[in-house]
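Student: Okay, here's the structure, questions in a sec.
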Amino acid sequence: MSNAVKLRADQLEIVRSGKKVLGGISFDVASGEVYALLGGNGAGKSTTLLGFLGLLPLSGGSIFVNDIEVGSDLKKVREAIAYLPESVSLYEHLDAYENLRYFLQLAGTPYDRSKVEAALDRVSLDLESRGRKLTGYSKGMRQKVAISLAILRDTEILLLDEPTSGLDPAAIDEFHDLVRDLASSGKTVLMVTHDVYGACQVADRIGLMQDGKLVGEFTAADGERIQTETVHRAFSDRHPKNPQVA
Ligand SMILES: Nc1ncnc2c1ncn2[C@@H]1O[C@H](COP(=O)(O)OP(=O)(O)OP(=O)(O)O)[C@@H](O)[C@H]1O
Ligand SMILES: [Mg+2]
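Residue numbers for the sequence shown follow our numbering, so the first one is 6 and each next one is one higher.
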């Protein structure tokens, strides 16, 4: 059971605005596994997550969540997934509790104040801020509310698009601990990041994307983490600085 495949892309192709932005990518993520998608701007990372959510039509291949072909039962698929988007949109005129109440209600998840406090503790959102409108929040504080929303959904699968964006180094470390704990409890995490070091710290596998293709995959050896230098080198080799114009 612990090795059950939860997410699977098979030769996935997606066209956006007439351009093929995913050119046939295949990978899977098992329960209890953390998979990080790494790649340059426009590589297709966020598009891949949108594919799993059934938010974009496929131009080829197939995509499965819990062995359900995504297009065949969107309701079931979305119930199984908590999604943290690249640009978080919370309500500025509401405080953290009110935002969480609203979005949990939308997702059909019961609001439990003690669980909410525990989730906000987990992301270290300071107590005094929790009852304040988000207008006075920093970017990282908003991100903390968004992360707490994703964990409060208590779904089997989490899709996280640049979750550490805006977080300070201490909050990033805490976030990585949180993701490892989620994976230990059997959750499946597919996350997008630009942070090679962070990806190596947290992921069991890293997929390197470039121009809509998966061009490399790195797997952690038993009981070890993926080597930052190896991934960094592969990334830099494919993304040279000051590329020559042909
Ligand atoms: N809303 C959209 N409409 C049309 N094309 C889009 C849209 N969003 C992204 N694209 C295109 O799809 C391709 C992949 O974009 P995507 O957002 O998946 O990249 P990404 O890897 O997440 O990049 P980043 O690291 O900058 O977030 C890009 O060529 C981009 O121009
Ligand atoms: Mg993106």
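Yeah, the Cβ is synthetic: ideal placement off N, Cα and C, and Gly gets one too.
1) Inspect the CB distances between the segment 21 to 41 and the segment 192 to 205 and report whether three or more fall short of 8 Å.
2) Helix, strand or coil, according to DSSP, for Gln215 in the structure here?
3) Just checking, does the segment 66 to 74 make contact with the segment 237 to 249 on the three C-beta pairs under 8 Å criterion?
4) Can you grab the Cα-Cα spacing for the pair Tyr88 / Ser77, in whole Å?
5) What are the partner residues of Ser67, as DSSP defines its beta bridges?
6) Between the alpha carbons of Val10 and Met146, how many angstroms are there, rounded?
7) Taking 6 Å as the limit between beta carbons, can you name the residues of its chain near Arg230, skipping five residues before and five after?
8) Under 9 Å between the Cβ atoms of Ile156 and Leu163?
9) For the 8 Å Cβ check, are there 3 or more pairs between the segment 180 to 192 and the segment 131 to 141?
10) Does Lys50 pass the burial test, meaning 16 or more other C-beta atoms within 10 Å, or should it be called exposed?
11) Report yes if the CB atom of Ala14 is closer than 9 Å to the CB atom of Thr52, and no otherwise.
12) From Leu111, His199, Ala112 and Lys25, pick the residue whose C-alpha is nearest to that of Ser64; which is it?
13) Classify Ser134 as helix, strand or coil using the three-state DSSP reduction.
14) Could you say which of Gly228, Leu105, Arg127 and Pro168 lies nearest to Gln148 if we only look at CA atoms?
Tutor: According to the data block:
1) yes
2) strand
3) no
4) 19 Å
5) Asp15
6) 33 Å
7) Cys205
8) yes
9) no
10) buried
11) no
12) Lys25
13) helix
14) Pro168
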